[in-house]
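**Student:**
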Amino acid sequence: MASPDSPGTAQPHRRLTLDWKDVSFRVTLPLLAMLAAMLIGAGMLILLKANALTAYGAMLAGVFGSVYGFTQSLVKATPLLLVGLGICISFRASVINIGGEGQIIVGALMATWFSLTFRTWPGWLLLPSTMTMGFLAGAAWGFVPGILKARLSVNEILTTIMMNAIGLQLMNLLLRGPLIDPDGVKAGTFLHQSERLPEQVWLPRLVPQTSLHAGLIIAVLLAIAVYIFLWRTTIGYRIRAVGLNREASRYSGINVPFYQTLSLTLSGGFAGLAGVVEVIGVQHRLLEGITSGYGFSGIVAALFGGLHPLGTIPASWLFGSLLVGADKMQRAVQVPSALIDTVLGLIVMFVVGSAILSRRWANRRAVTTQGN
Amino acid sequence: MTETSIFTLPGVIGVLSSAVRLATPYLFAAVGESICQSSGVLNLGVDGIMLMGAYVAFVVTLFTGNVWLAVLAAMVVGLLMGLLMSVISVTLRAEQGISGIGLYMFGLGLSSLLFKVTVGTVKTVVGFQPIKIPVLGDIPVAGEILFQQSLPVYAAFLLVPLAWWFLDRTTWGLKIKAVGHTPAAADSLGVSVLRVRYVAVCLGAILAGLAGASLSLAMVNLFQENVTAGMGFIAVALVYFGGWRPVTIMAGALLFSFMNALQLWMQVLAVKIPSDLAVMLPYLLTIAVLAVAHSHEREPMALNRPFERGEH
């Protein structure tokens with residue numbers, strides 16, 4: 231369209247989607263994608279002979295009908311936001327991190343091991359050091375695919391997926407041996423879960439009688455920090471530059487491999503933190519299935535939030551609500567909550583599929599601005 | 155328990171024949187994905203398609219007892235999911251890595267939803283039975299390993315030369331590769347990039363559906379939630395591993411399934427190495443091989459790049 235002169239202009243041109251000037255268009259598009267997916271979900275409900283209105287009504291009531299439901303949506307939003315922040319960083323560098331699941335697991339494993347090992351430490355020391363260690367564990371899980379991509383051009387999508395499998399097996403191994411709850415062994419149940427963590431490492435609860443914990447505040451503060459990092463610091467600028475145009479970044483002297491590795495490492499760190507928060511905020515011990523698929527749904531949240539840390543905040547809450555609502559829906563109309571997983575998959579496809587519209591729109595806008 | 159029994163002849167034959175059997179779903183899926191990737195489209199949703207294929211094949215067999223109808227149904231479902239992927243990734247030019255993850259989530263969710271609604275509990279079906287090939291099956295050792303398998307296993311291995319012939323020796327195969335390497339050039343010669351990519355993605359998806367069917371009808375003979383446990387992702391890795399060549403993909407699939415078979419035997423024989431550690435081995439090996447032997451020489455140059463006229 232507007233790139234007649236040189237091949238080099240094509241790439242940044244296509245990436246004009248990252249222009250943030252018109253928020254309304256960008257907010258409407260994903261919402262329309264979501265609406266379309268929900269409509270298909272409604273069609274599926276009707277095919278399953280369930281009343282779609284009752285089902286979606288139950289979802290809404292599940293979230294907004296009680297203090298517990300509402301806080302529960304925020305509890306689920308917290309890990310989604312943390313994973314999503316990491317996704318914002320790596321996807322902005324055009325590095326695809328599918329390894330959230332594995333990174334959550336190693337973060338949770340590290341938090342469990344660390345806080346149990348140093349259980350005599352006072353809370354003011356144990357809590358921050360546990361969180362740091364969990365972050366570092368997740369970061370290490372992101373670093374491996376990062377360095378492999380940067381130095382040997384190994385596809386990071388594949389390595390992050392392999393790292394997921396390795397992380398999962400590592401957890402299975404540790405929960406059946408070194409980390410298994412001694413009480414469970416004594417009682418002969420051999421449940422695959424860890425011992426309860428020392429109380430001083432538990433995150434304080436924000437609303438009594440609910441699971442809402444201080445992790446939410448940490449996640450929101452970190453979202454602001456990531457926004458400042460990506461848009462107000464040199465390192466963040468370079469990460470985005472690498473994502474926008476790798477070649478141009480290299481010619482202008484940016485160490486591309488370094489920033490690719492860094493983005494995936496940080497991304498892993500945030501996912502690791504999500505694992506920590508699940509362990510010390512919600513469960514107070516490590517359980518199998520600790521990730522609840524947040525490694526994947528965090529990607530959905532970040533995409534929905536326009537890969538913007540601040541946009542990811544409401545997006546995470548939206549998907550947190552969807553997850554809570556799915557359970558309520560299951561009870562109200564006896565349709566398995568897997569329906570919502572299906573709808574989530576459709577949302578992902580529709581959101582990335584509709585990106586072409588915002589691209590065209592941005593192109594048209596760019597052309598008109600040039601005309602002026 | 156005799157720990158050394160793995161080194162006896164029956165032990166070796168057992169491991170090798172189950173390695174050949176376990177390679178089947180990987181072969182179907184990875185060869186299909188290599189066709190798809192050769193056209194320049196990365197389909198990360200293979201696992202989701204496999205799950206749907208596995209579910210549909212299982213449920214059709216359960217209700218009709220007809221395995222052939224089941225296989226056909228799995229192919230149709232594969233085709234439909236391939237069309238969905240094509241619309242999003244080829245026509246709408248979406249970021250392929252992410253749309254594939256969407257397709258995976260969709261397949262994972264829908265297959266568990268339908269399974270819970272239609273079946274609910276674990277049930278087994280009578281799938282494909284082993285068929286001993288006359289003469290060849292009587293060869294000592296090799297016959298037991300290779301020629302006493304079920305039909306899907308033979309089909310998967312026959313697919314390898316077939317896919318090679320298709321990609322390297324037919325007009326369609328060459329069109330697919332041209333579109334995967336230099337879509338602009340192919341376009342200027344009058345090849346419809348979109349149409350070729352649709353065909354390649356759908357072929358790959360049909361094979362992924364078959365991969366799922368081979369899993370539920372010839373391997374485990376049942377369906378449960380997430381029965382593939384990430385096999386489809388391994389299949390995608392095997393394509394890189396094998397450098398987009400069906401024969402090397404087969405070698406990779408056999409290596410991977412051999413490690414799996416070995417690890418299963420170690421569990422059975424209660425070998426002292428913790429089995430979870432052994433389960434990690436195939437993944438560690440895959441990363442190591444990707445890191446060491448990963449060559450971009452044969453990688454389709456336009457892989458993961460949506461095609462738009464006037465863009466390079």
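So the protein sequences, as listed, match chains S and P.
Under my numbering, the residues of the first sequence are numbered 231 to 602, in order.
Under my numbering, the residues of the second sequence are numbered 155 to 466, in order.
Cβ atoms here follow ideal geometry from the backbone N, Cα and C, with glycine treated the same way.
Keep in mind the model is a prediction, meaning the values are calculated, not measured.
For leucine 265(S), count the other beta carbons within 10 Å of its own beta carbon; 16 or more makes it buried, fewer makes it exposed. Which is it?
**Tutor:** Your numbering for residue 265(S) matches position 35 in the first sequence. Under this definition leucine 265(S) is an exposed residue.
**Student:** When the Cα atoms are used, what is the spatial distance from arginine 435(S) to tryptophan 547(S)?
**Tutor:** For the purposes of this step, residue 435(S) is taken as the residue at position 205 of the first sequence. For the purposes of this step, residue 547(S) is taken as the residue at position 317 of the first sequence. Whole-angstrom Cα-Cα distance: 18 Å.
**Student:** Grab me the residues of methionine 274(S)'s own chain with a C-beta within less than 8 Å of its C-beta, minus the 5 sequence neighbours each way, in chain order.
**Tutor:** Against the first sequence, residue 274(S) aligns to sequence position 44. Result list for methionine 274(S): Leu569, Thr572, in chain order.
**Student:** For leucine 503(S), which residues in the same chain have their Cβ closer than 7 Å to its Cβ, ignoring the five residues on either side in sequence?
**Tutor:** For the purposes of this step, residue 503(S) is taken as the residue at position 273 of the first sequence. Contacts found: Leu312, Gly337, Met361, Gly364, Phe365, Gly368.
**Student:** Is arginine 595(S) helix, strand or coil when you go by DSSP?
**Tutor:** Stepping through the first sequence from its first residue, residue 595(S) is reached at position 365. It is helical.
**Student:** CA-CA distance, leucine 369(P) and isoleucine 285(P)?
**Tutor:** On the second sequence, position 215 is the one that residue 369(P) refers to. On the second sequence, position 131 is the one that residue 285(P) refers to. Each residue's alpha carbon lies about 17 Å from the other.
**Student:** I need the DSSP call for leucine 170(P), collapsed to helix, strand or coil.
**Tutor:** Residue mapping note: residue 170(P) aligns to position 16 of the second sequence, counting from 1. Leucine 170(P) falls in the helix class under three-state DSSP.
**Student:** Any idea what DSSP makes of serine 567(S), helix, strand or coil?
**Tutor:** Position 337 of the first sequence, counted from the start, is the residue given in the question as residue 567(S). DSSP places serine 567(S) in coil when its eight states are reduced to three.
**Student:** Looking only at DSSP bridge pairs, what is proline 284(P) linked to?
**Tutor:** For the purposes of this step, residue 284(P) is taken as residue 130 along the second sequence, with counting starting at 1. Looking at the DSSP assignment, proline 284(P) forms a beta bridge with Ser304(P).
**Student:** At a cut-off of 8 Å, would you count valine 431(S) as near the ligand SAM, judging by its Cβ distance to the nearest heavy atom?
**Tutor:** Although the ligand SAM was asked about, the structure shown includes no ligands whatsoever.
**Student:** Run through DSSP, which three-state label would glutamine 513(S) get?
**Tutor:** Residue numbering aside, residue 513(S) sits at position 283 when the first sequence is read from its first letter. The answer is helix: DSSP assigns glutamine 513(S) an H, G or I state.
**Student:** If you draw a straight line from the alpha carbon of serine 551(S) to that of leucine 423(P), how long is it in whole angstroms?
**Tutor:** To locate residue 551(S), count along the first sequence from 1; it is residue 321. To locate residue 423(P), count along the second sequence from 1; it is residue 269. Rounded to whole angstroms, serine 551(S) to leucine 423(P) spans 47 Å at the Cα level.
**Student:** Checking the sheet assignment: what are the DSSP bridge partners for threonine 278(P)?
**Tutor:** What you label residue 278(P) is simply residue 124 of the second sequence in a count that begins at 1. Leu376(P).
**Student:** When Cβ atoms are compared, which residues of the region 573-596 of chain S fall closer than 7 Å to chain P?
**Tutor:** Correct list: Leu574, Gly575, Leu576, Val578, Met579, Val582, Gly583, Ala585, Ile586.
**Student:** Considering only C-alpha positions, which residue in the set Leu421(S), Leu442(S), Leu355(S) is nearest to glutamine 430(S)?
**Tutor:** Locating residue 430(S) in the first sequence gives position 200, counting from the first residue. The shortest Cα separation from glutamine 430(S) among Leu421(S), Leu442(S), Leu355(S) belongs to Leu355(S).
**Student:** In this structure, does DSSP put glutamine 423(S) in helix, strand or coil?
**Tutor:** Position 193 of the first sequence, counted from the start, is the residue given in the question as residue 423(S). Three-state result, glutamine 423(S): strand.
**Student:** Mind pulling the chain S residues with CB within less than 8 Å of serine 253(P)?
**Tutor:** Taking the first residue of the second sequence as 1, we reach residue 253(P) at position 99. Val578, Met579, Val582, Gly583, listed in chain order.
**Student:** So is alanine 359(P) in contact with chain S if we call contact Cβ pairs under 9 Å?
**Tutor:** Numbered from 1 along the second sequence, position 205 holds the residue referred to as residue 359(P). Not closer than 9 Å to any Cβ of chain S, the Cβ of alanine 359(P) fails to qualify, so no.
**Student:** Please list the partners that lysine 270(P) has in chain S, where partner means a Cβ-to-Cβ separation under 7 Å.
**Tutor:** On the second sequence, residue 270(P) is found 116 positions in, with the first residue counted as 1. Pro566, Ala568, listed in chain order.
**Student:** List the DSSP bridge partners of isoleucine 454(S).
**Tutor:** Translated into positions along the first sequence, residue 454(S) becomes position 224. None; isoleucine 454(S) has no bridge partner.
**Student:** Is there a Cβ of chain S sitting closer than 9 Å to that of alanine 405(P), yes or no?
**Tutor:** Position 251 of the second sequence, counting from 1, holds the residue named residue 405(P). By this cut-off, alanine 405(P) is not an interface position.
**Student:** Note down the Cα distance separating alanine 338(P) from valine 350(P), rounded to an integer number of angstroms.
**Tutor:** For this step, residue 338(P) is matched to residue 184 along the second sequence. For this step, residue 350(P) is matched to residue 196 along the second sequence. Distance between the alpha carbons of alanine 338(P) and valine 350(P) is about 13 Å.
**Student:** Within 9 Å (strictly less), CB to CB, does alanine 391(P) reach chain S?
**Tutor:** Within the second sequence, the letter at position 237 stands for residue 391(P). Cβ-Cβ to chain S under 9 Å: yes for alanine 391(P).
**Student:** Give the list of continuous alpha helix (DSSP H) stretches no shorter than 4 residues that lie fully inside the region 247-282 of chain S.
**Tutor:** Counting whole runs of 4 or more residues, the region 247-282 of chain S contains the alpha helix (DSSP H) stretches 253-277.
**Student:** Hey, threonine 275(P) and valine 213(P) are a contact pair by Cβ (cut 8 Å); roughly how many whole angstroms apart?
**Tutor:** Here residue 275(P) corresponds to residue number 121 of the second sequence, with the count starting at 1. Here residue 213(P) corresponds to residue number 59 of the second sequence, with the count starting at 1. That belief does not hold up - the Cβ atoms of threonine 275(P) and valine 213(P) are roughly 13 Å apart, past 8 Å.
**Student:** Of all the residues that make up the region 191-206 of chain P, which are near chain S by a beta-carbon distance shorter than 7 Å?
**Tutor:** Answer set for the region 191-206 of chain P: Leu198.
**Student:** Are the beta-carbon atoms of valine 582(S) and glycine 199(P) separated by less than 9 Å?
**Tutor:** For the purposes of this step, residue 582(S) is taken as residue 352 along the first sequence, with counting starting at 1. For the purposes of this step, residue 199(P) is taken as residue 45 along the second sequence, with counting starting at 1. Contact flag unset, no.
**Student:** Report the neighbours of valine 314(P) on chain C: residues whose CB is nearer than 7 Å to its CB, in chain order.
**Tutor:** The structure shown contains no chain C; the protein chains it does contain are S and P.
**Student:** Take valine 381(P) as the anchor and find which of Val393(P), Ala372(P), Gly366(P), Ile388(P) has the nearest alpha-carbon.
**Tutor:** Taking the second sequence and counting its residues from 1, the one referred to as residue 381(P) is at position 227. The shortest C-alpha separation from valine 381(P) is found at Gly366(P).
**Student:** DSSP three-state label for histidine 443(S), please.
**Tutor:** Here residue 443(S) is taken as the residue at index 213 of the first sequence, counted from 1. Correct three-state label for histidine 443(S): strand.
**Student:** Provide the residue span of the alpha helix (DSSP H) that contains glutamate 477(S), from first to last.
**Tutor:** For the purposes of this step, residue 477(S) is taken as the residue at position 247 of the first sequence. First-last of the alpha helix (DSSP H) with glutamate 477(S): 476-481.
**Student:** Using Cβ-Cβ distances below 8 Å, what residues of the region 393-406 of chain S are close to chain P?
**Tutor:** Answer in chain order: Met393, Asn394, Ala395, Ile396, Gln399, Leu400, Asn402, Leu403, Arg406.
**Student:** When you compare the CB of aspartate 411(S) with every CB in chain P, is at least one pair closer than 9 Å?
**Tutor:** Mapped onto the first sequence, residue 411(S) falls at position 181. Chain P contact via Cβ: absent.
**Student:** Note down the Cα distance separating isoleucine 586(S) from valine 295(P), rounded to an integer number of angstroms.
**Tutor:** Indexing the first sequence from 1 puts residue 586(S) at position 356. Indexing the second sequence from 1 puts residue 295(P) at position 141. Straight-line Cα distance between these residues: approximately 57 Å.
**Student:** Determine the closest residue to glycine 219(P) out of Leu371(P), Ile299(P), Gln302(P), with distance taken between C-alpha atoms.
**Tutor:** Residue 219(P) sits at position 65 when you count from the first residue of the second sequence. Of the listed residues, the one whose Cα sits closest to glycine 219(P) is Leu371(P).
**Student:** Looking at the unbroken alpha helix (DSSP H) that takes in phenylalanine 217(S), where does it start and where does it end?
**Tutor:** No statement about residue 217(S) is possible, as the shown extent of chain S runs from 231 to 602 and does not include it.
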